[in-house]
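Here the structure comes first, spelled out in structure tokens, and everything after it is commentary.
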Amino acid sequence: MGARATGRAVFNLEEAALPASERSGFPLLVKHRLVSDTLHVHAFELHRHRLALEGLALFDRLLVGRVAGIPTYGMSSPVHG
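Below, the structure written as structure tokens:
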């Protein structure tokens, strides 16, 4: 088995971009990481981003977590930055 990395994961997504019916790769990736115990969520919040031109509130979802056990895919050292 190759080297594994750890780090932080931060996602800030428009709520409208992830409807309950969403079946793309992103929700599946997050679910897989949670089930495989390689993503530990520290915060998951809904916040008002701004008002739309029509005056309706637009919301974002914020997810902050720690990832562990992610393959480094041949990197000789962890990337910092």
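The opening position of the sequence shown corresponds to residue 199 in the working numbering, with each subsequent residue numbered one higher.
Glycine included, every Cβ here is placed at the ideal spot set by N, Cα and C.
Beta strand (DSSP E) runs contained entirely in the segment 230-269, provided each spans 3 or more residues
237-249, 255-269
Assess contact between the segment 223-236 and the segment 245-258, defined as three or more Cβ pairs (one per stretch) separated by less than 8 Å. Is contact present?
no
Suppose the cutoff is 7 Å on Cβ atoms and the five residues either side in sequence are ignored; what does the same chain contact list for Ser-234 look like?
none
Determine the direct distance from the alpha carbon of Arg-246 to that of Gly-263, and round the result to whole angstroms.
20 Å
Kindly identify the DSSP beta-bridge partner or partners of Gly-205.
Val-265
Take Leu-211 as the anchor and find which of Ala-266, Ala-203, Phe-224 has the nearest alpha-carbon.
Phe-224
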